[in-house]
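> This is the structure I have questions about; it appears just below.
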Amino acid sequence: MMRYMMSLLAALMLWALPAIAQNSGPLRIEITEGVIEPMPYAVPDFVGENAAATEMGRNLARVIASDLSGTGLFREIPAEAHISRITSFESPVQYADWRAVKAQALITGAVSVDGSGRLVVKFRIYDVFAGQELGNGLQFVGTQDGWRRIAHKVADQVYARITGEGGYFDSRVVYVAESGPKDQRAKRLAIMDYDGANVQYLTDSSSLVLAPRFSPSGDRVLYTSYETGFPRIYVLDVASVGRRVLPTMDGTMSFAPRFAPDGRTVVYSLTQGGNTDLYRMDIGSGASTRLTNAPSIETAPSYSPDGRQIVFESDRSGTPQIYIMPAGGGEARRISFGQGRYGTPVWSPRGDLIAFTKQSKGRFHIGVMRTDGSEERLLTASFLDEGPTWAPNGRVIMFTRETQGAQGQARLYSVDISGRNLKQVQTSGGASDPSWGPLQN
Amino acid sequence: MTYLSKTLILCAGLALAACTNPDRFENQNTVDLNGGAGLAGSAQDPTSPAYFQQTIGDRVLFAVDQSSLSDAAQAKLNGQANWLGSNPDYTAVIEGHADEQGTREYNLALGARRANAVQEYLVSRGVASNRLKVVSYGKERPIEICSEESCYTQNRRAVTVLAAGLGS
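Chains as they are written, first to last, in the numbering used here: chain A, 11 to 451; chain B, 28 to 195.
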């Protein structure tokens, strides 16, 4: 089951650099600006250092390129244009050849399979125009099954060194895999790499399941299931796929769960007598506390990264809007004031922004605003966009887009917080309700 | 189309809990909501679920974002309450639904409001509250699948789904 639990045995520093003067160098992308001209780079096939690793050298380079180019921040110089060939990891880089093809960054690497069958991957990043290495070369060791994770880790290093931001490629997404026509849709929980690879199903489709949410460390998933005929919240252990229902009273419905940053507390909606309020529960003891007490709908709660506040959706003003309250309940302040209806607020992992769904004039949007409601920006528009989730670095948002009409189908999309680089995430069928997990260790 | 009849027959001798098994919910949309030939009993038999569904009417509709009951809805629910009064062996699950406009979470809460409005009304008309359960499906179970108001209006509904036997 846990092929995923590939242990990355070590990330070893192989070569110390004489000086770290590169930090202020020219090889830099400022993500917040929204990049108009992506940075050209080259990633030749990694050198296979023994026969068992030759094909892997190409596979690794292709996944790294897919990660980097997929951000919209980088543009690959294709292999056909390369002048130099990297045939040995240790040979000096011919900077002039890479300058000639206008590659600003160069990533070289080598891969071998060691005596215990583990994959050993080394790489270096070069600032071509400065004519020097960018940071230290690194080595990753892992299982052969986990080769994509190693490629993602290399790409995360490249991304981090050039943008100065944390990466997000070695991460997973839990979501709802959908099949069947709109009026008989089957749904089951699935987990995949952020790029859609390595899909595993966590439940079958015998019961309706909704809105899975990762724990902060990615080891567990909260979700809503109709297994008993009524919506109730379950917590599922990703490694064992074991699950249990959270204790709630008969005659109530519970849904929209989300973990607190402590990984032990869950905030959720509970409906009793037709009225939906927010509660929190200690997941170990099952003890719950009511956080709101109003005749309006209170739902879609999400904690601030420091765990001290909760952003949520309420229609207490007459239409659904976004509010923030202390994590223990109490006075809430409204932060959304634009035209339209606001829902599904999600606090950025960086703490600076709230992502939300907005419905206005018959269209749906994914947007972001500051935590005081200022600087609202709509990133997308379509017939039905909803349910944003943040990449671990707070720079990319994934969400559900459903197409219109009887043949309508849900798919996952991602977009930068600049509003650029909108694209579909590859899934084999319908998909909805993504929850982006943390960067893996 | 024959599913509901099987469910009813199966449930007739069982506790209520058995009637709320997930399969019934998962397959509810396979029931032909317009026909009744497959329902237990005939639509001509006023004690039959088919009669309840087709002649009394098992569902009420709501305006956008609303959970208040129109005059037409109240009239239909009066009929449901009378029928439930005359047929005390039946219990019911009231399912609240929303159209696809709106987020998943909000629609779950909205569907719950609608189901609850029906439950409260039926109780006010003399149906024992322990015979009625409510559940919301939000926008998860549309019966009409176009993305136009003609479909949305049918999907903003609360459906009284009969089950037989008062558990314990």
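For glycine and all other residues, C-beta sits at the position ideal for the given N, C-alpha and C.
Since residue 322 of chain A contacts residue 376 of chain A with CB under 8 Å, what's their CB separation in whole angstroms?
In the first sequence, residue 322 of chain A corresponds to position 312, counting from 1. In the first sequence, residue 376 of chain A corresponds to position 366, counting from 1. Actually they do not touch by this definition, with Cβ atoms about 18 Å apart.
> Once you ignore the five residues that flank residue 112 of chain A on each side, which residues in its own chain have a CB closer than 8 Å to its CB?
Mapped onto the first sequence, residue 112 of chain A falls at position 102. Once the five neighbours on either side are set aside, the close Cβ partners of residue 112 of chain A are 50 and 87.
> Output yes if chain B places a C-beta closer than 8 Å to the C-beta of residue 228 of chain A; else output no.
Within the first sequence, residue 228 of chain A is the residue found at index 218, counting from 1. For residue 228 of chain A, the answer is no, since every Cβ of chain B falls outside 8 Å of its Cβ.
> State the beta-bridge partners of residue 290 of chain A as determined by DSSP.
Within the first sequence, residue 290 of chain A is the residue found at index 280, counting from 1. Bridge partners of residue 290 of chain A: A:277 and A:299.
> Measuring alpha carbon to alpha carbon, tell me which of A:253, A:328 and A:143 ends up nearest residue 117 of chain A.
The residue labelled residue 117 of chain A in the question sits at position 107 within the first sequence. Ranking the options by Cα distance to residue 117 of chain A, first place goes to A:143.
> Counting only beta-carbon separations shorter than 8 Å, does residue 53 of chain B have a partner in chain A?
Taking the first residue of the second sequence as position 1, residue 53 of chain B is located at position 26. Per-residue confidence for residue 53 of chain B stands at a pLDDT of 39, beneath the threshold of 50, marking its modelled position as unreliable; no derived number is given.
> Nearest chain A C-beta to residue 158 of chain B closer than 8 Å, yes or no?
Within the second sequence, the letter at position 131 stands for residue 158 of chain B. It does not; no Cβ of chain A falls within 8 Å.
> Exposed or buried, what is residue 211 of chain A when buried is set at 16 or more other beta-carbons lying within 10 Å of its beta-carbon?
Residue mapping note: residue 211 of chain A aligns to position 201 of the first sequence, counting from 1. The residue is exposed, with fewer than 16 neighbouring Cβ atoms inside 10 Å.
> Would you mind stating whether residue 219 of chain A and residue 192 of chain A have Cβ atoms separated by less than 8 Å?
Within the first sequence, residue 219 of chain A is the residue found at index 209, counting from 1. Within the first sequence, residue 192 of chain A is the residue found at index 182, counting from 1. Contact flag unset, no.
> Since residue 264 of chain A contacts residue 288 of chain A with CB under 8 Å, what's their CB separation in whole angstroms?
Your numbering for residue 264 of chain A matches position 254 in the first sequence. Your numbering for residue 288 of chain A matches position 278 in the first sequence. Incorrect: roughly 11 Å between the Cβ atoms, too far for contact.
> In chain order, what residues of the same chain have a beta carbon less than 6 Å from the beta carbon of residue 165 of chain A, not counting five sequence neighbours either side?
Numbered from its first residue, the first sequence carries residue 165 of chain A at position 155. Closer than 6 Å at the Cβ level, and outside the excluded window around residue 165 of chain A, lie 74, 77, 78 and 179.
> Give a yes or no on whether 8 Å exceeds the smallest Cβ distance from residue 386 of chain A to chain B.
Locating residue 386 of chain A in the first sequence gives position 376, counting from the first residue. Judged by the 8 Å Cβ criterion, residue 386 of chain A is not in contact with chain B.
> Does the segment 148-166 of chain A touch the segment 426-442 of chain A, meaning 3 or more C-beta pairs lie closer than 8 Å?
As far as the Cβ criterion goes, the segment 426-442 of chain A does not touch the segment 148-166 of chain A, which means the pair count is below three.
> Which residue wins for smallest C-alpha separation from residue 56 of chain A, given the options A:89, A:83 and A:187?
To locate residue 56 of chain A, count along the first sequence from 1; it is residue 46. Closest by alpha carbon: A:89.
> Is residue 451 of chain A helix, strand or coil by DSSP?
Sequence index remark: in the first sequence, residue 451 of chain A carries index 441 (1-based). Reduced to three states, the DSSP call for residue 451 of chain A is coil.
> For residue 154 of chain B, I'd like the list of residues in its chain whose CB is within less than 6 Å of its CB, leaving aside the five on either flank, ordered along the chain.
In the second sequence, the residue the question calls residue 154 of chain B occupies position 127. Cβ neighbours of residue 154 of chain B beyond the five flanking positions: 108 and 111.
> Say whether the segment 121-133 of chain B touches the segment 77-84 of chain B, bearing in mind that this needs 3 or more beta-carbon pairs closer than 8 Å, one atom from each stretch.
As far as the Cβ criterion goes, the segment 121-133 of chain B does not touch the segment 77-84 of chain B, which means the pair count is below three.
> Name the one or two DSSP bridge partners that residue 336 of chain A has.
Sequence index remark: in the first sequence, residue 336 of chain A carries index 326 (1-based). Looking at the DSSP assignment, residue 336 of chain A forms a beta bridge with A:319.
> Nearest to residue 108 of chain A by CA position, among A:52, A:59, A:71 and A:61, is which residue?
As a working note, residue 108 of chain A is residue 98 in the first sequence. Checked all of A:52, A:59, A:71 and A:61; the closest Cα to residue 108 of chain A is A:52.
> Between which residues of its own chain and residue 270 of chain A is the CB-CB distance below 6 Å, once the five residues before and five after are set aside?
One-based indexing of the first sequence puts residue 270 of chain A at position 260. Same-chain partners within the cutoff: 313 and 317.
> Roughly how many angstroms separate the alpha carbons of residue 173 of chain B and residue 168 of chain A, rounded to a whole number?
In the second sequence, residue 173 of chain B corresponds to position 146, counting from 1. In the first sequence, residue 168 of chain A corresponds to position 158, counting from 1. Their Cα atoms are separated by approximately 46 Å.
> Out of curiosity, what's the CA-to-CA distance linking residue 121 of chain B and residue 365 of chain A?
Reading the second sequence from its first residue, position 94 is the one you call residue 121 of chain B. Reading the first sequence from its first residue, position 355 is the one you call residue 365 of chain A. Approximately 34 Å between the Cα atoms of the pair.
> Strictly under 8 Å for the Cβ-Cβ distance: is residue 197 of chain B near chain A by that measure?
Limits of chain B in this structure are 28 at one end and 195 at the other, which puts residue 197 of chain B out of reach.
> Could you name the residues of the segment 405-423 of chain A whose beta carbon sits closer than 7 Å to any beta carbon of chain B, in the order they occur along the chain?
Here the close residues are 414, 415, 416 and 418.
> Run through DSSP, which three-state label would residue 241 of chain A get?
Residue mapping note: residue 241 of chain A aligns to position 231 of the first sequence, counting from 1. Coil.
> Are residue 278 of chain A and residue 297 of chain A closer than 8 Å when you measure CB to CB?
Here residue 278 of chain A corresponds to residue number 268 of the first sequence, with the count starting at 1. Here residue 297 of chain A corresponds to residue number 287 of the first sequence, with the count starting at 1. Cβ distance not < 8 Å, so residue 278 of chain A and residue 297 of chain A don't count as in contact.
> Determine the DSSP secondary structure at residue 149 of chain B, reduced to helix, strand or coil.
Stepping through the second sequence from its first residue, residue 149 of chain B is reached at position 122. Looking at residue 149 of chain B - three-state DSSP - the assignment turns out to be helix.
> Verify whether the separation of the beta carbon atoms of residue 431 of chain A and residue 64 of chain A is less than 8 Å.
Within the first sequence, residue 431 of chain A is the residue found at index 421, counting from 1. Within the first sequence, residue 64 of chain A is the residue found at index 54, counting from 1. Cβ distance not < 8 Å, so residue 431 of chain A and residue 64 of chain A don't count as in contact.
> Do residue 162 of chain B and residue 156 of chain B come within 8 Å of each other at the CB atom, strictly closer than that value?
Numbered from 1 along the second sequence, position 129 holds the residue referred to as residue 156 of chain B. Numbered from 1 along the second sequence, position 135 holds the residue referred to as residue 162 of chain B. No. Outside cutoff.
> For residue 54 of chain A and residue 391 of chain A, what's the separation of their Cα atoms in angstroms?
Within the first sequence, numbered from 1, the residue matching residue 54 of chain A stands at position 44. Within the first sequence, numbered from 1, the residue matching residue 391 of chain A stands at position 381. Spanning the two alpha carbons is a distance of roughly 38 Å.
> Please tell me whether residue 404 of chain A and residue 132 of chain B are closer than 8 Å, where the distance is taken between their beta carbons.
Translated into the one-based positions of the first sequence, residue 404 of chain A becomes position 394. Translated into the one-based positions of the second sequence, residue 132 of chain B becomes position 105. Not a contact, by the Cβ cut-off of 8 Å.
> Entirely within the segment 164-194 of chain A and at least 3 residues each: give me those beta strand (DSSP E) ranges in chain order.
Counting only runs of 3 or more, we get 181-189.
> Give the residues of chain B in contact with residue 309 of chain A, contact being defined as C-beta atoms less than 8 Å apart.
On the first sequence, residue 309 of chain A is found 299 positions in, with the first residue counted as 1. Ordered by position in chain B, the residues that pass the 8 Å Cβ test against residue 309 of chain A are 132, 133, 135 and 136.
> Quick one: Cα of residue 59 of chain A to Cα of residue 121 of chain A, how far?
As a working note, residue 59 of chain A is residue 49 in the first sequence. As a working note, residue 121 of chain A is residue 111 in the first sequence. In a straight line, the C-alpha of residue 59 of chain A is about 6 Å away from that of residue 121 of chain A.
> Quick one: what's got a C-beta closer than 7 Å to residue 226 of chain A's C-beta in the same chain, skipping five residues either side?
Reading the first sequence from its first residue, position 216 is the one you call residue 226 of chain A. Here the set comprises 269, 271, 273 and 448.
> Quick one: what's got a C-beta closer than 6 Å to residue 141 of chain A's C-beta in the same chain, skipping five residues either side?
Working through the first sequence from its first residue, we reach residue 141 of chain A at position 131. Excluding residues within five positions, the ones whose Cβ falls inside 6 Å are 105.
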